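Take a look at the structure set out below.
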Amino acid sequence: MTISLAVPDILVARAKSGDLEALEALYRAFETPVYNLALRVLRRPEDAEDVLQETFLEVVRSIKQYRGEGHLWGWIRQIATSKALMRIRHDRVRETEEFHEESAAGAGAGEAAGVGVRAGSGGMSPGAVPAQIDLERAFEQLSETSRAVVWLHDVEGYTHEEIAERMGKTVSFSKSQLARAHVRLRRMLDEGVAR
Amino acid sequence: MMHCTMDDVLALAAGEASAWARQHVAGCAACRAELEALYQRVAQLKALPARRPARDRWPAVRDAALVERRRRRERWGVSGLAAAAALAGLLVFRPFWTKSVDAAELARVKEESATLEQQLGRYDSDGRVTSGRSAALAAALEDRIAVIDGELAQVGPSEAQARSADLVNLWQQRVDLMEQLVSVRVTRAAYVGL
């Protein structure tokens, strides 16, 4: 996903003055990345759309507080991440979903230290690159928390410290979630679960 | 043979691996393959196709923003009444002041302000926005007027004497801003044919 996120300074200045046309232009510029971040974390399109709307309501309210330090996308992304994570925390379905995943994954937590057991077995060879659609479907089968950690760390570039702070968890929680998620992704891809 | 864990592999990718892991991966094809597979998974996650929302949520965002602005204007209206009440109080208690406030000047700017309020009422916004720039300008003017109203509302009779010149000045500023606001509204009304 390669999208140009550069916006002219004059547009930002107009948006900060409350210009609705400029604010709409910002919405159009960042609509797709915000929606995709939310969609990857929350999976349900309607939830992602809600996060998109909540994010830009916040942008419209708070754009005056943006001081131009750092890229505007970084500022908007923080809002979007916060909204998406808040939705996870308030999502009662999450517990059920995670329960099912834990059940399906068996000793998933213990497997975080299990790369070595694949030596000599039928593990994925370096040349066996899984198809993108398979990875996408496998990724969707992770829990919301795991998806959030993987997406924020691997794609958005958040550090474990930043993820831990935003999720109200510890750094070790973020690291272990990432490791467990990658073990599961690898296993699903190896076993063709997502195919 | 002991191999790297996923924690080790992730630490290798992040450049934070232990000396043992770094040494091991150099001589272990299986763990190098695991590291390569991690790189590829991450690259593919980053390359997932962008999805677009099925519905355009901007109208909902815009409408909510306009509602908030309207509420802010209503609050500003309350502040304006408070300011008017404060001014009335100042005029009522004027005989108690040792030095007279320039009542004529105050009355003039007050009357001017009231006239502008009436004009503004004729062009009151109904939430329709024809130009983002004019809406932003109007909102900025309203914000500045609200600030002045807040200052006026805080001036009680006990302070009026010491701040008589300030009062005239504040009311004059308010009138100037009101004139600009009316101008914006008149332009808008002409544009939409009100």
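Protein chains in written order, with my numbering: chain W, 14 to 208; chain H, 970 to 1163.
Even glycine gets a Cβ: it sits at the ideal position worked out from N, Cα and C.
Small disclaimer: the values here were computed from a predicted structure and weren't measured.
When Cβ atoms are compared, which residues of the segment 1013-1032 of chain H fall closer than 8 angstroms to chain W?
Residues Gln1013, Leu1014, Lys1015, Ala1016, Leu1017, Pro1018, Ala1019, Arg1020, Arg1021, Pro1022, Ala1023, Arg1024, Arg1026, Trp1027, Ala1029, Val1030, Arg1031.
Run the CB neighbour count on Lys188(W), radius 10 Å, all protein chains shown included, and call it buried at 16 or more, exposed below.
Working through the first sequence from its first residue, we reach residue 188(W) at position 175. Result: buried.
Please name the residue in Glu1043(H), Gln1013(H), Glu1086(H) whose C-alpha comes closest to that of Leu1150(H).
Translated into the one-based positions of the second sequence, residue 1150(H) becomes position 181. With distances taken between Cα atoms, Leu1150(H) lies closest to Glu1086(H).
C-alpha distance - Ala998(H) paired with Ala982(H), whole-angstrom precision:
Taking the first residue of the second sequence as position 1, residue 998(H) is located at position 29. Taking the first residue of the second sequence as position 1, residue 982(H) is located at position 13. Using only the alpha carbons, I get a separation of about 16 angstroms.
Residues of chain W with a CB under 8 angstroms from the CB of Val1011(H): which are they?
If you number the second sequence from 1, residue 1011(H) lands on position 42. Those within 8 angstroms of Val1011(H) in chain W are Asp167, Val168.
For the segment 974-996 of chain H, which residues have a CB atom closer than 7 angstroms to at least one CB atom of chain W, in sequence order?
Thr974, Met975, Asp976, Val978, Leu979
Counting contacts by CB-CB distance shorter than 8 angstroms, is Gly205(W) in contact with chain H?
As a position in the first sequence, residue 205(W) is number 192, starting the count at 1. False, the Cβ-Cβ gap to chain H never drops below 8 angstroms.
Using a Cβ distance threshold of 8 angstroms, determine whether the segment 37-57 of chain W contacts the segment 80-92 of chain W, with at least three qualifying pairs required.
In the pairwise beta carbon analysis, the segment 37-57 of chain W is classified as touching the segment 80-92 of chain W: at least three pairs are separated by under 8 angstroms.
Strictly under 8 angstroms for the Cβ-Cβ distance: is Leu1146(H) near chain W by that measure?
As a first step, residue 1146(H) must be located in the second sequence, where it is residue number 177. Cβ-Cβ to chain W under 8 angstroms: no for Leu1146(H).
Host alpha helix (DSSP H) of Thr94(W) (start-end):
Your numbering for residue 94(W) matches position 81 in the first sequence. Counting along the chain, the alpha helix (DSSP H) containing Thr94(W) begins and ends at 85-103.
Between the Cα of Arg90(W) and the Cα atoms of Ser185(W), Leu165(W), Arg200(W), Glu157(W), which residue gives the shortest distance?
By 1-based counting over the first sequence, the position of residue 90(W) is 77. It is Leu165(W).
Taking Glu82(W) as part of the alpha helix (DSSP H), name the residues at either end of that continuous run.
The count along the first sequence starts at 1 and reaches residue 82(W) at position 69. That residue, Glu82(W), is in no alpha helix (DSSP H); it is neither H nor E in DSSP.
When you compare the CB of Tyr48(W) with every CB in chain H, is at least one pair closer than 8 angstroms?
Against the first sequence, residue 48(W) aligns to sequence position 35. Yes, its Cβ sits closer than 8 angstroms to a Cβ of chain H.
By the DSSP assignment, the alpha helix (DSSP H) with Trp164(W) in it spans what residues?
One-based indexing of the first sequence puts residue 164(W) at position 151. Here Trp164(W) belongs to no alpha helix (DSSP H), and DSSP marks it neither H nor E.
Comparing alpha-carbon positions, which option in Ile1117(H), Leu979(H), Met970(H) lies nearest Tyr1008(H)?
In the second sequence, residue 1008(H) corresponds to position 39, counting from 1. Checked all of Ile1117(H), Leu979(H), Met970(H); the closest Cα to Tyr1008(H) is Leu979(H).
Is it a yes or a no for the segment 74-83 of chain W touching the segment 150-164 of chain W, going by three-plus beta-carbon pairs under 8 angstroms?
Cβ pair count under 8 angstroms is below three, so no.
Please tell me whether Glu1003(H) and Cys973(H) are closer than 8 angstroms, where the distance is taken between their beta carbons.
As a first step, residue 1003(H) must be located in the second sequence, where it is residue number 34. As a first step, residue 973(H) must be located in the second sequence, where it is residue number 4. In contact: Glu1003(H) and Cys973(H) (Cβ atoms closer than 8 angstroms).
Alpha helix (DSSP H) segment containing Arg1020(H), residue limits:
As a working mapping, residue 1020(H) is identified with position 51 in the second sequence. Taken as a continuous stretch (DSSP letters only), Arg1020(H) belongs to no alpha helix (DSSP H), as it is neither H nor E.
Under 7 angstroms Cβ to Cβ from Asp976(H), same chain only, skipping five residues before and after it: list those, please.
Counting from 1 along the second sequence, the entry for residue 976(H) is found at position 7. Within the same chain, Asp976(H) has no close Cβ partners at all.
Can you round the beta-carbon distance between Val1137(H) and Glu1074(H) to whole angstroms, since I take them to be within the 8 angstroms contact cut?
The residue you call residue 1137(H) lines up with position 168 of the second sequence. The residue you call residue 1074(H) lines up with position 105 of the second sequence. Rounded, the Cβ-Cβ distance is 5 angstroms, consistent with contact.
Contact between the segment 1008-1019 of chain H and the segment 984-991 of chain H is defined here as three or more beta-carbon pairs at a separation below 8 angstroms; is this criterion met?
no
How many Å lie between Arg1044(H) and Asp1112(H) at the Cα?
By one-based count along the second sequence, residue 1044(H) stands at place 75. By one-based count along the second sequence, residue 1112(H) stands at place 143. Taking the straight line joining both Cα atoms gives about 11 angstroms.
For Asp32(W), name the three-state secondary structure that DSSP assigns.
Counting from one through the first sequence, the residue named residue 32(W) turns up at place 19. Here Asp32(W) sits in coil by DSSP.
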